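Engineer:
Numbering (the numbering used here), first residue to last: 144 to 321.
#1: Tell me whether the beta-carbon of residue 298 lies closer than 8 Å to the beta-carbon of residue 234.
#2: Would residue 315 be called buried (16 or more neighbouring beta carbons within 10 Å of its own) or exposed?
#3: With which residues is residue 244 paired in a DSSP beta bridge?
#4: Take the Cβ of residue 179 as the centre, count every other Cβ of all protein chains shown within 10 Å, and call the residue buried at 16 or more, exposed below.
#5: Kindly indicate if chain D contains any beta-carbon less than 8 Å away from that of residue 179.
#6: Spell out the partners DSSP gives residue 150 in its beta bridges.
#7: From the DSSP secondary-structure annotation, give me the bridge partner or partners of residue 267.
#8: Between which two residues does the beta strand (DSSP E) harbouring residue 174 extend?
#9: Report the partner residues of residue 255 according to the DSSP bridge assignment.
#10: Per DSSP, what kind of secondary structure is residue 279 in: helix, strand or coil?
#11: Buried or exposed for residue 318, please, with buried defined as at least 16 other CB atoms from any protein chain shown within 10 angstroms of its CB.
#12: Go ahead and pull the three-state DSSP assignment for residue 145.
#13: Hey, could you find the ends of the alpha helix (DSSP H) residue 158 is sitting in?
#14: Count the other C-beta atoms from every protein chain shown that fall within 10 angstroms of the C-beta of residue 243, then say buried if there are 16 or more, exposed otherwise.
#15: Cα separation between residue 252 and residue 222?
#16: Out of curiosity, what's the CA-to-CA distance linking residue 218 and residue 150?
#17: Check residue 205 in the structure and name its three-state DSSP category.
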């Protein structure tokens with residue numbers, strides 16, 4: 144008997160409308176909300192207002208402070224887009240101690256069951272099973288949150304630039320001189 148409240152914030156491209164249409168076709172009730180104030184307090188007002196909806200569709204941008212509050216307080220952050228395999232949402236969630244749930248779309252930083260939940264399929268029962276297993280072990284939840292934070296620190300922009308980008312630029316420079 145879980146009764147989750149899903150928060151969605153997509154773009155204005157046609158795919159977003161397809162996702163919402165599929166959710167409605169599956170019987171989910173969707174309510175649109177806006178953050179009228181544009182800050183964390185407005186975000187909490189928008190998502191905290193009483194609703195019997197299954198999905199809150201956020202129609203305004205989510206500012207960085209609000210994202211941190213959301214990612215830390217959410218039971219899980221589903222960041223498993225097959226359209227955007229960059230992994231920034233998962234890393235943002237991990238950085239604030241949230242539980243990231245990614246797909247198998249190339250997020251090099253995830254270690255299944257250690258620092259994130261990792262889905263191998265698009266079957267919703269896979270998520271339900273993994274999430275249910277995790278929630279039955281509060282020690283594992285805490286460990287995953289700690290491991291996620293450590294992972295996010297290892298993938299900070301300064302480290303990515305220092306260990307990934309700069310060596311490649313040096314290699315390109317050396318190759319062009321030969």
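No residue lacks a Cβ here, since even glycine has one placed at the ideal position from N, Cα and C. Computed from a predicted model, the values in this text were never measured in an experiment.
Structural biologist: According to the data block:
#1: On the chain shown, position 155 is the one that residue 298 refers to. On the chain shown, position 91 is the one that residue 234 refers to. Yes, they are a contact pair.
#2: Sequence index remark: in the chain shown, residue 315 carries index 172 (1-based). Under this definition residue 315 is an exposed residue.
#3: On the chain shown, residue 244 is found 101 positions in, with the first residue counted as 1. In DSSP, residue 244 forms a bridge with 221 and 260.
#4: For the purposes of this step, residue 179 is taken as residue 36 along the chain shown, with counting starting at 1. The residue is exposed, with fewer than 16 neighbouring Cβ atoms inside 10 Å.
#5: This model lacks chain D altogether, as it is built from one protein chain only.
#6: Along the chain shown, one-based indexing puts residue 150 at 7. Note: residue 150 is bridge-paired with 199 in the DSSP secondary-structure output.
#7: Stepping through the chain shown from its first residue, residue 267 is reached at position 124. Residue pairing by DSSP leaves residue 267 without any beta bridge partner.
#8: For the purposes of this step, residue 174 is identified with residue 31 of the chain shown, where counting begins at 1. Residue 174 -> beta strand (DSSP E) spans 173-176.
#9: Position 112 of the chain shown, counting from 1, holds the residue named residue 255. Residue pairing by DSSP places residue 255 opposite 259 in a beta bridge.
#10: The residue you call residue 279 lines up with position 136 of the chain shown. Residue 279 falls in the coil class under three-state DSSP.
#11: Your numbering for residue 318 matches position 175 in the chain shown. With a threshold of 16 other beta carbon atoms within 10 Å, residue 318 falls short and is exposed.
#12: Taking the chain shown and counting its residues from 1, one reaches residue 145 at position 2. DSSP places residue 145 outside both helix and strand once states are collapsed to three, so it counts as coil.
#13: On the chain shown, position 15 is the one that residue 158 refers to. Looking at the DSSP string, the run of the alpha helix (DSSP H) that includes residue 158 is 157-168.
#14: What you label residue 243 is simply residue 100 of the chain shown in a count that begins at 1. By the neighbour-count definition (other C-beta atoms within 10 Å, threshold 16), residue 243 is a buried residue.
#15: Position 109 of the chain shown, counting from 1, holds the residue named residue 252. Position 79 of the chain shown, counting from 1, holds the residue named residue 222. The straight-line gap from Cα to Cα measures roughly 13 Å.
#16: Here residue 218 refers to the residue found at position 75 of the chain shown. Here residue 150 refers to the residue found at position 7 of the chain shown. In a straight line, the C-alpha of residue 218 is about 11 Å away from that of residue 150.
#17: Within the chain shown, the letter at position 62 stands for residue 205. Here residue 205 sits in coil by DSSP.
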